[in-house]
Amino acid sequence: MAEPIAAAPAEALRFAFAERFGNAASSAPRVFRAPGRVNLIGEHTDYNDGFVMPAAINLATWTAAAPRADQRIVVVSRSFYEEAELDPAESGGPREDGHWSNFVLGVARLLRGAGFAIGGANLMIDSTVPLGSGLSSSAALEVSVALALLGVSGFEADRLEVARLAQRAEHEYAGARCGLMDQFTACFGRAGHTMLLDCQSLAYRAVPLPNSTRLVVANTMVKHELAAGEYNLRRADCEEAARLFGVPSLRAISPADFARRQGELPPAIRRRARHVITESARTVEAAAALERGDFSRLGELMAASHRSLRDDFEVSCTELDAMVGAARLDGVIGARMMGGGFGGCTITLVEAGAASEVSREMALRYHLATGLEPQMYECTAVDGAGEER
Ligand code: GLA
Numbered sequence: 026m027a028e029p030i031a032a033a034p035a036e037a038l039r040f041a042f043a044e045r046f047g048n049a050a051s052s053a054p055r056v057f058r059a060p061g062r063v064n065l066i067g068e069h070t071d072y073n074d075g076f077v078m079p080a081a082i083n084l085a086t087w088t089a090a091a092p093r094a095d096q097r098i099v100v101v102s103r104s105f106y107e108e109a110e111l112d113p114a115e116s117g118g119p120r121e122d123g124h125w126s127n128f129v130l131g132v133a134r135l136l137r138g139a140g141f142a143i144g145g146a147n148l149m150i151d152s153t154v155p156l157g158s159g160l161s162s163s164a165a166l167e168v169s170v171a172l173a174l175l176g177v178s179g180f181e182a183d184r185l186e187v188a189r190l191a192q193r194a195e196h197e198y199a200g201a202r203c204g205l206m207d208q209f210t211a212c213f214g215r216a217g218h219t220m221l222l223d224c225q226s227l228a229y230r231a232v233p234l235p236n237s238t239r240l241v242v243a244n245t246m247v248k249h250e251l252a253a254g255e256y257n258l259r260r261a262d263c264e265e266a267a268r269l270f271g272v273p274s275l276r277a278i279s280p281a282d283f284a285r286r287q288g289e290l291p292p293a294i295r296r297r298a299r300h301v302i303t304e305s306a307r308t309v310e311a312a313a314a315l316e317r318g319d320f321s322r323l324g325e326l327m328a329a330s331h332r333s334l335r336d337d338f339e340v341s342c343t344e345l346d347a348m349v350g351a352a353r354l355d356g357v358i359g360a361r362m363m364g365g366g367f368g369g370c371t372i373t374l375v376e377a378g379a380a381s382e383v384s385r386e387m388a389l390r391y392h393l394a395t396g397l398e399p400q401m402y403e404c405t406a407v408d409g410a411g412e413e414r
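See the structure below:
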């Protein structure tokens, strides 16, 4: 059954913040929310300057923040039941153990580097985005922390600058050379809509999600160790393909160019490039199909996306394949793996009336196939990040 999604924990967070940091009116925190995201189609295309079709969802990260008299950042994570003290004025890189506070440190240092003279702050963070499951928990964390640090230091930053800075924090402090999709969606999502985003120009068009549909997210509950390293390797393969074609990025190669020139690439690199180039084209076509209500075409495109990620890009795994297989049910419009791959979640677009039945049946079939208990979420598309008043 779909998990009920917890109500915004902003109030609980204010309360816990007062318990930890004192409840003088002068130290009352401001609370900033940044959402996780789904991606209907357009996977591993963002860092190739291609198209993606994400939506911000009602699973989010909240950061409560109040200024401190000194320059330090004291941050409590309610997800990890842990507190850390950071000094963004000190130089040096991230902690080597991959600690969660690296994201906070990275955002704080990069904000300072970009000329925002942010002061010390007490922060408390809580999240309903399942961690590391392909729903962009890290982008939600980075963006909510960035808005909180800017907010309590009296700065208003341009949203695109926040998204770019959060992406850099991921590159430099978490070691993942991600594209901009996740951070962009956390900043620019729109309630009730997905968006067709051109990752080259960053132009986007909001595409309404019909009321007659629901987004079912299925967490396979596995995360294979490979994920981080393999992501950067896939990105390197794509860059190699672009280099061999003599273009700045794979965006410059159309499916027709690829058909003609694919012999110029060695087999493994050719498969990676074929995924990226066809996936970007599928994404543009999927947006048009959604706009004209052609669900049958949309479903075919999502299925083709999954096959291409599995066979050409090689980022799926048995559990993701099992979950997508489990979604062959009445009322399902389309299903595919989502995010970086090697575990995490799938996305299934479902006719509204069938959503709870589909989600129950998928969970059952997945359990029978793998022995694992999946977590199912019925998500809605929400607005991008902002302050909770
Ligand atoms: C991760 C990255 C994104 C994107 C997806 C794959 O979520 O953070 O930038 O590359 O993987 O589409």
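Final position of the sequence shown in the numbering used here is 414; the numbers increase by one with none missing.
Backbone N, C-alpha and C fix where the C-beta goes; we use that ideal spot for every residue, glycine too.
Computed from a prediction, not measured in an experiment: that's the story for all the values here.
Is it buried or exposed, Arg-361, if we count other Cβ atoms within 10 angstroms and call 16 or more buried? buried
Cα separation between Glu-28 and Gln-400? Because Glu-28 sits at a pLDDT of 48, beneath the cut-off of 50, its placement in the model cannot be relied upon, and the following sentence gives the value as read from the coordinates. Distance between the alpha carbons of Glu-28 and Gln-400 is about 7 Å.
Below 8 Å on the Cβ atoms is my guess for Ala-311 versus Leu-65; work out the distance and round it to an integer in Å. 7 Å
What residues does ligand 1 have around it, judged by CB closer than 5 Å to any heavy atom, in chain order? Glu-68, His-69, Asp-71, Cys-203, Gly-204, Met-206, Asp-207, Gly-364 and Gly-365
For the beta strand (DSSP E) containing Gln-400, name the first residue and the last one. 400-404
8 Å contact criterion, which Thr-5 and Leu-345 should meet: CB distance rounded: The structure shown does not extend to residue 5, since the chain is modelled only from 26 to 414, so the question has no answer here.
Would you tell me roughly how many angstroms separate the C-alpha atoms of Ala-199 and Arg-260, rounded to the nearest one? 16 Å
Write down the C-beta distance between Leu-148 and Ala-89 rounded to the nearest angstrom, noting that I regard them as a contact closer than 8 Å. 7 Å
Let me know if Leu-19 comes out buried or exposed under the rule of 16 or more other beta-carbons within 10 Å of its beta-carbon. The shown model of the chain, from 26 to 414, leaves out residue 19, and the question about it has no answer.
Give me the residue from Ile-98, Leu-269, Leu-315 and Ser-51 with the minimum Cα distance to Pro-291. Leu-269
What residue range is occupied by the uninterrupted alpha helix (DSSP H) comprising Phe-209? 206-213
Look at the alpha carbon of Glu-386 and the alpha carbon of Gly-356, and state the distance between them as a whole number of angstroms. 12 Å
8 Å contact criterion, which Asp-408 and Ala-80 should meet: CB distance rounded: Contact flag wrong, Cβ pair sits at about 11 Å.
7 Å Cβ shell around Arg-390 - same chain, five flanking residues per side excluded: Ala-351
Please determine, among Val-132, Ser-384 and Ala-410, the residue with the shortest C-alpha to C-alpha distance to Glu-398. Ser-384
What runs of the alpha helix (DSSP H), each 4 residues or longer, lie entirely inside the region 161-240? 162-177, 184-199 and 206-213
8 Å Cβ cutoff met for Asn-257 and Ala-201: yes
Is Pro-119 helix, strand or coil when you go by DSSP? coil
Taking 8 Å as the cut-off, decide whether the C-beta atoms of Phe-209 and Ala-182 are in contact. no
Val-309 (DSSP reduced to helix, strand or coil): helix
Here's a check: name, in chain order, each residue in its chain whose Cβ is nearer than 6 Å to the Cβ of Met-220, leaving out the five neighbours to either side. Tyr-229 and Ala-231
For the candidate residues Thr-153, Gly-117, Ser-116 and Ala-298, whose alpha-carbon lies nearest to that of Pro-60? Thr-153
What is the DSSP secondary structure of Thr-153, reduced to helix, strand or coil? coil
Are the region 99-112 and the region 266-286 touching by the rule of at least three beta carbon pairs closer than 8 Å? no
Measure the C-alpha to C-alpha separation of Arg-239 and Ser-279 and round it to an integer number of angstroms. 32 Å
Does DSSP classify Arg-276 as helix, strand or coil? helix
Determine the contact status of Ser-162 and Thr-245, defining contact as a CB-CB distance below 8 Å. no
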